[in-house]
């Protein structure tokens, strides 16, 4: 059973045990949340990292009516709900167990690359995630971030905890996953795609685009808006992938904070958008939600650029601001995968600070627009 329910005269207590992966469970929870018009609901999510869109919308309504208190045990869900303006209390597992906090040492030790690399090899062996070819300085920064969050200041103790406690590894995994994005990020790139690449692709009867490392979905939705304005969305399939399964579920929901709306509108205008950016969203009190017309041609799913193999054949691949976390040999390996995943006239778009200089990429791609890091398959 996914839920445990208790009642008293004034409140209903609902404990949600794990992830709500079955749509029937989401419907059942909606019914529970709707069952009382008078009682206050206290709902606790013990294991969920993400929630279905209809649950989030229901919680937002109940909280606006001051009929609901929310408690979560997972850091990812807490951050997501807070971002959407839904207030909740975050309870750590350690606090419920009364786990003592480790005292901060007088001096923080600098981690060596050798011990971190050894740790990464153990992570791959135990959990199946290979970070050994990521930029080591970035990995060390994110290990330090997780250690601070977990209040563990000795690396040897942290290593032991991560390798033996899947919950702590889960938090480290989230900190390793980079999810910084915007709608129409780097508007000049989108303007070039709009004015040069899309007219070329329009000669195809069917178009396939891959957004690799799509984060929370703002990039594929930006493409969908641009394709709709060009009259090309109906014949396009967008594949949007990321290694983080929770951010993929967030992308599927298509719900975003209104805090960045002014920046999103500015990016859209600078990308030469033709309409009103807001028309592509339903507006809530504290968040915006992508309209269904943009979601039907996007397929979101988890995929690792390191181990999941090629997808083919695409006319356009975007992999922006991902390579900056890879070393040169891993970049070359991924470029080879992209080469095999593109058709003979396909385009590749990298991030503004990325390119083909140190990773032997010029054996696979020629420069189409170096300023905007757009390349063509050789």
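Residue numbers (full-length UniProt numbering): 1 to 378.
For every residue, glycine included, the Cβ atom is placed at its ideal position computed from N, Cα and C.
Since we're looking at a predicted model, the values are computed, not measured.
- Separation of the CB atoms of residue 241 and residue 303 is rounded to 4 Å, and the pair is thereby assigned contact status at 8 Å.
- Listed as beta-bridge partners of residue 188 by DSSP are no residues whatsoever.
- Remark: three or more beta-carbon pairs, one from each stretch, lie closer than 8 Å, so the region 269-284 and the region 176-189 are flagged as touching.
- Residue 282 has 289 as its beta-bridge partners, per DSSP.
- Just measuring C-alpha positions, the residue of 297, 82, 148 and 318 sitting nearest residue 258 is 82.
- By the neighbour-count definition (other C-beta atoms within 10 Å, threshold 16), residue 116 is a buried residue.
- With contact defined as three or more Cβ pairs closer than 8 Å, the region 37-51 and the region 67-84 are in contact.
- Only residues of its own chain outside the window of five on either side were considered, and among them 316, 347 and 374 have a CB closer than 8 Å to the CB of residue 197, listed in chain order.
- About 5 Å separates the Cβ atoms of residue 247 and residue 216, confirming a contact at the 8 Å cut-off.
- Per the DSSP secondary-structure output, residue 11 pairs in a beta bridge with 40.
- Residue 321 is positioned such that its CB atom lies closer than 7 Å to that of residue 351.
- Here residue 255 is buried, its C-beta having at least 16 other C-beta atoms within 10 Å.
- With 16 or more other CB atoms across the displayed protein chains lying within 10 angstroms of its CB, residue 57 is buried.
- Taking a contact as a CB-CB distance under 8 Å, the pair residue 135 and residue 327 counts as one, their CB atoms being some 6 Å apart.
- Per DSSP, reduced to three states, the secondary structure at residue 315 is strand.
- By the CB criterion at 7 Å, residue 264 and residue 313 fall outside the cutoff.
- Between the C-alpha atoms of residue 27 and residue 112 there is a straight-line separation of about 50 Å.
- Annotated three-state conformation of residue 109 is coil, per DSSP.
- Excluding the 5 residues flanking it on each side, residue 252 has same chain C-beta neighbours closer than 7 Å at 300, in chain order.
- With distances taken between CA atoms, residue 25 lies nearest to 4 out of 4, 38, 8 and 180.
- For residue 207 and residue 201, the gap between their C-alpha atoms comes out near 7 Å.
- DSSP places residue 255 in no alpha helix (DSSP H) but in the uninterrupted beta strand (DSSP E) bounded by 255-257.
- CA-to-CA, the gap between residue 214 and residue 238 works out to about 11 Å.
- Under DSSP, the beta-bridge partners assigned to residue 302 are 242.
- Nearest in C-alpha terms to residue 8, of all of 17, 38 and 2, is 38.
- The DSSP-derived three-state label of residue 158 is helix.
- Inter-residue distance for residue 370 and residue 199 is about 20 Å (C-alpha atoms, whole angstroms).
- Note on residue 244: 16 or more other CB atoms within 10 angstroms of its CB, so buried under the neighbour-count rule.
- Rounded to whole angstroms, residue 231 and residue 11 show a C-alpha spacing of 52 Å.
- Distance between residue 335 and residue 195, taken at the CA atoms: about 25 Å.
- Here DSSP, grouped into helix, strand and coil, assigns residue 265 to helix.
- Put simply, the backbone Cα of residue 177 is about 31 Å away from that of residue 68.
- Straight-line spacing of the CA atoms in residue 31 and residue 148 works out to 40 Å.
- Annotated three-state conformation of residue 119 is helix, per DSSP.
- Residues of the same chain with a CB within less than 8 Å of the CB of residue 20, apart from the 5 flanking positions on each side, are 2, 26, 29, 48, 51, 52 and 55 in chain order.
- DSSP, reduced to helix, strand and coil, places residue 58 within a helical segment of the structure shown.
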